[in-house]
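Going by this note's numbering, the letters in the sequence shown line up with residues 45 to 195, in that order.
Scroll down for the structure; my scribbles are underneath it.
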Amino acid sequence: MHITAKADYAVRTLLELAAAGGVVGKAEALATAQNIPHKFLESVLADLRRADLVRSRRGPDGGYWLARPPAEISVADVIRSVEGPLASVRGQRPEDVDYPGPAEPLRLVWLAVRSNMRAVLEAVSLAEIADDDLPSLIFDLTSDPAAWARR
Numbered sequence: 045m046h047i048t049a050k051a052d053y054a055v056r057t058l059l060e061l062a063a064a065g066g067v068v069g070k071a072e073a074l075a076t077a078q079n080i081p082h083k084f085l086e087s088v089l090a091d092l093r094r095a096d097l098v099r100s101r102r103g104p105d106g107g108y109w110l111a112r113p114p115a116e117i118s119v120a121d122v123i124r125s126v127e128g129p130l131a132s133v134r135g136q137r138p139e140d141v142d143y144p145g146p147a148e149p150l151r152l153v154w155l156a157v158r159s160n161m162r163a164v165l166e167a168v169s170l171a172e173i174a175d176d177d178l179p180s181l182i183f184d185l186t187s188d189p190a191a192w193a194r195r
């Protein structure tokens with residue numbers, strides 16, 4: 045899985061807002077806190093607003109805040125809001141691809157990949173990350189030395 049800068053910035057920005065406990069965050073302060081280019085962050089925030097993950101207000105008292113509690117926003121929600129589906133094959137959903145001959149079972153492999161990504165990304169909320177209270181699934185997966193091996 046390739047995690048784009050946009051997806052990474054979106055998750056980190058929402059984690060800043062989750063940790064703020066409802067306090068309105070200014071775009072410039074969010075960008076500085078996570079070392080994100082300000083102009084890029086404005087684009088990310090626009091996507092997050094369209095996806096109804098953040099709300100905003102203009103003016104001197106304006107800024108951004110989470111549209112719902114951080115426990116109700118999964119990492120998958122954030123990635124989908126800025127990148128679209130978690131897994132695609134040549135721009136198609138895995139269930140929509142069709143292969144001839146010996147490649148036919150490959151569709152099941154792509155479906156399994158998506159299923160495993162969902163199992164992790166939908167299971168972890170912003171609140172769990174911000175509170176450093178990750179689900180046991182994360183520790184189970186990362187305790188395997190193979191998880192840390194580069195290939």
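No residue lacks a Cβ here, since even glycine has one placed at the ideal position from N, Cα and C.
These figures come from a predicted structure and were not determined experimentally.
Assignment of Gly69 by DSSP, reduced to helix, strand and coil, places it in the strand class. For Leu152, the secondary structure class from DSSP, reduced to helix, strand or coil, is helix. Linking Leu155 to Leu130 through their CA atoms gives a straight-line distance of about 11 Å.
Excluding its 5 nearest sequence neighbours in each direction, Ala75 has C-beta neighbours in its own chain below 6 Å: His82, Leu85, listed in chain order. Distances from the alpha-carbon of Thr48 to those of Ser125, Pro179, Arg137 put Ser125 closest. Looking only at Ala64, Gly65, Ala71, Gly66, the smallest Cα-Cα distance to Tyr53 is reached by Ala71.
When beta bridges are read from the DSSP output, Leu130 appears opposite no residue.
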